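Asker: Quick one: the structure is below, and I'll ask about it shortly.
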Amino acid sequence: MNSVTRSRLQLRLKVASRQKANRKTLNQARRRVTSDPAQRGEFDLIAKLFAPLTGGDDRALGLLDDAAVIPQKAGIDTVVSTDTLVAGVHFLMIESADVIARRLLRVNLSDIAAMGATPSAYFLNLSLPSDIGNDWLVKFASGLAADQQKFSLNLLGGDTTRTPGPLALSVTIFGEAPAGHAVRRSTAQVGDRIFVSGTIGDAGLGLARLQDGAGDADHLVQRYQLPDPRVSLGSALRGIATAMADVSDGLLADLGHICEASSLGAIVEASAVPVSDAARLAIGPEDTDVLGLLTSGDDYELVFTVPPGRIDHVHKASVQAGTPVTEIGRMEGVPGEVTVKGSDGGDITPEKTGYRHF
C-alpha cells in the first residue's frame, strides 16, 4: 500500500468515525427531546401529539410537507371558517386543557353548521407561552381526539410557535355543501318566521358561575365549556332555512347580523325564547329578566329564518337531527333592527345586544 492510498484510507476511516459519532449524538439528542418535555422541539411535538390526529388522512401528507393537498369534488362547495380563542378573553386557564381543546373545535364547528355544511377537516395554530408544558399539551391533544371522533373530521396541518403570552389557539375549519346551497345570512325574506335551536342564555350564566368558583359538574358551567354545535340540524335545514347564523355573540346580536345582511328588521317575543330550567332558576320571572340571556352569547345555538309554508319541514328536520327548535318571532320592522316584545305587547329595550369584540 503506497502512502497516497494509506492517507485516503485513514481519511475515510476518520470520516466514517465522525459520521458514526454524529449519528450517536443526534440519536441521544432525539432521546433527550422525547424524554424531556422542556426540551421538546416543534417537529417532535408534531410527530408525537398531532400527527396521530390526522387519522392517516391522505390529504394531510403525514404532516411532513409545507401544506396539505385537498382534492376538490365536483358539485361541492368548500366552506371555510376560522376562530381564535385567547386565554383570559375566551377561556380561563383554570379550565382543563382537554375541555379547552374541545371548546376550540366546537366553536369552529358551529360556524360550519350555520352555513348548512358538513365538517371535513381542520388546521390548528398554537401560540404557546413557556409555562405550557408537555402534560398540558398531551391533555389538549386528547381533547381534540375525542371530538374529532365525535364529529368525524381530521387534522390536516397547522403551525406552532412560542409567545410571551397569553396562550392563543386558532382553528381553520373546512366543510362541504352542495354547490350553491350553503345557507347565507343575507337571504331572509319579509314575513319569514324566526326559529332558534336548544335553549338560550345557559352559557353566559355558566361563565359567571365558573368565575365564581363553580366546578365542572355544574350544568350551566358545562353548557359554557362544551357547547353543542348543531351540525346535524344545520345540514338538515339546508334548502329549508332562508338565512342562518350561530349564536356566538348573543341571540339579539347574531339575529341582528341576519337583519343587516338581509336589509330587514326582526321582532322577537321575549316570552317565546326557550330557556332551560337551570337558567330559569337563576333569573327572575319577568320578561325583562330574560334580556340578559338574549345578549350574553356563547350558546352556539342556531338562529334561522323560514317561510311560513316550510314550518312543517323545520319540525321534521328537528326530529331528524334530534335537536329541539322554537319559533320566537318574525322578520319585519325597521331594516337592521331587532325589536324585543314583552308579554304585554310593549317594546323592551336591552342595554346591549351582545358581546362586542372591539
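Read in order, the letters of the sequence shown correspond to residues 855 to 1212 in this note's numbering.
Cβ atoms here follow ideal geometry from the backbone N, Cα and C, with glycine treated the same way.
Only a predicted model underlies this, so the values are computations on that prediction, with no experimental measurement involved.
#1: Locate the beta strand (DSSP E) running through SER974, then write down its first and last residues.
#2: Is ALA1036 closer than 7 Å to GLN1174 when the C-beta atoms are compared?
#3: So for LYS993, helix, strand or coil by DSSP?
#4: Could you name the residues of the same chain whose beta carbon sits closer than 7 Å to that of VAL940, not counting the 5 residues immediately before and after it, in chain order?
#5: Where ILE1094 and VAL1144 are concerned, what is the direct C-alpha to C-alpha distance, given to the nearest angstrom?
#6: Per DSSP, ARG1047 is paired with what?
#7: List the residues that DSSP assigns as beta-bridge partners of VAL940.
#8: Flag this pair as touching only if the stretch 987 to 1002 and the stretch 1042 to 1060 have three or more C-beta atom pairs under 8 Å; answer yes or no.
#9: Between the Cα of ASP1103 and the Cα atoms of ALA1132, GLY1058, ALA1071, which residue gives the shortest distance?
#10: Between the stretch 1188 to 1197 and the stretch 1109 to 1126, can you find at least three pairs of beta-carbon atoms closer than 8 Å?
#11: Measuring only the C-alpha atoms, how far is GLY1069 from PRO1178?
#12: Within 10 angstroms of its Cβ, does ALA922 collect 16 or more other Cβ (buried), or is it exposed?
#13: Can you pull the DSSP bridge partners for ALA1099?
#14: Can you tell me where the beta strand (DSSP E) with LYS1195 in it begins and where it stops?
#15: Taking 6 Å as the limit between beta carbons, can you name the residues of its chain near ALA951, skipping five residues before and five after?
#16: Can you name, in chain order, every residue of its own chain whose Cβ lies under 6 Å from the Cβ of ALA967, other than the five neighbours on each side?
#17: Check ASP1108 in the structure and name its three-state DSSP category.
#18: Opposite SER1086 in the DSSP bridges: which residues?
#19: Quick check: what's the CA-CA separation for THR1203 versus ALA1107?
#20: To the nearest angstrom, how far is the alpha carbon of MET1185 from that of ARG957?
#21: Who are the Cβ neighbours of LEU1061 in its own chain at under 7 Å, not counting the five residues just before and after it?
#22: My understanding is that ALA1133 touches LEU1074, with C-beta atoms under 8 Å, so please give their C-beta distance in whole angstroms.
#23: What would DSSP say about PRO906, mapped onto helix, strand or coil?
#24: At what residues does the beta strand (DSSP E) containing VAL1122 begin and finish?
#25: Rounded to whole angstroms, what is the Cα-Cα separation between ILE1137 and GLU1155?
#26: Considering only their Cβ atoms, is the gap separating GLU1123 from LYS1195 smaller than 7 Å?
#27: Buried or exposed, going by whether 16 or more other CB atoms sit within 10 Å of the CB of ASP1046?
#28: Who are the Cβ neighbours of MET947 in its own chain at under 8 Å, not counting the five residues just before and after it?
#29: What's the gap between the Cα of ARG1092 and the Cα of VAL1160?
Answerer: Reading from the atomic positions:
#1: In the DSSP assignment, SER974 falls within the beta strand (DSSP E) that extends over 972 to 982.
#2: Result no, Cβ atoms of GLN1174 and ALA1036 do not sit closer than 7 Å.
#3: Judged by DSSP in its simplified three-state form, LYS993 adopts helix.
#4: Excluding positions up to five away in sequence, the list reads PRO1020, ALA1022.
#5: Using only the alpha carbons, I get a separation of about 29 Å.
#6: Looking at the DSSP assignment, ARG1047 forms a beta bridge with VAL1160, ARG1184.
#7: As computed with DSSP, VAL940 is found in a beta bridge with ALA1022.
#8: Touching, no.
#9: Closest by C-alpha distance to ASP1103, out of ALA1132, GLY1058, ALA1071, is GLY1058.
#10: Of all C-beta pairs linking the stretch 1109 to 1126 to the stretch 1188 to 1197, three or more are shorter than 8 Å, placing the two stretches in contact.
#11: Approximately 27 Å between the Cα atoms of the pair.
#12: In the assembly as shown, ALA922 is a buried residue. Its beta-carbon has 16 or more other beta-carbons within 10 Å.
#13: The beta-bridge partner set that DSSP reports for ALA1099 consists of VAL1157.
#14: Unbroken beta strand (DSSP E) run through LYS1195: 1192 to 1195.
#15: Here the set comprises TRP990, LYS993, PHE994.
#16: Taking ALA967 as the centre and dropping the five residues before and after it, the same chain places the C-beta of PRO1083, ARG1084, VAL1085, GLY1088 closer than 6 Å to its C-beta, in chain order.
#17: The three-state reading of DSSP puts ASP1108 in helix, counting H, G and I together.
#18: Its beta-bridge partners do not exist; DSSP assigns none.
#19: So the two alpha carbons sit approximately 13 Å from each other.
#20: Straight-line Cα distance between these residues: approximately 32 Å.
#21: TYR1078, ASP1152.
#22: A Cβ-Cβ distance of about 7 Å is found for the pair ALA1133 and LEU1074, placing them in contact under the 8 Å criterion.
#23: Helix at PRO906.
#24: Taken as a continuous stretch (DSSP letters only), the beta strand (DSSP E) holding VAL1122 covers 1120 to 1123.
#25: Going from the Cα of ILE1137 to the Cα of GLU1155 covers about 20 Å.
#26: It is a contact, given that the beta carbons lie within the stated cut-off.
#27: Label assigned to ASP1046: buried.
#28: Residues ALA941, LEU1021 of the same chain have their beta carbon placed closer than 8 Å to that of MET947, with the five preceding and five following residues left out of the count.
#29: Here the alpha carbon of ARG1092 sits roughly 11 Å from the alpha carbon of VAL1160.
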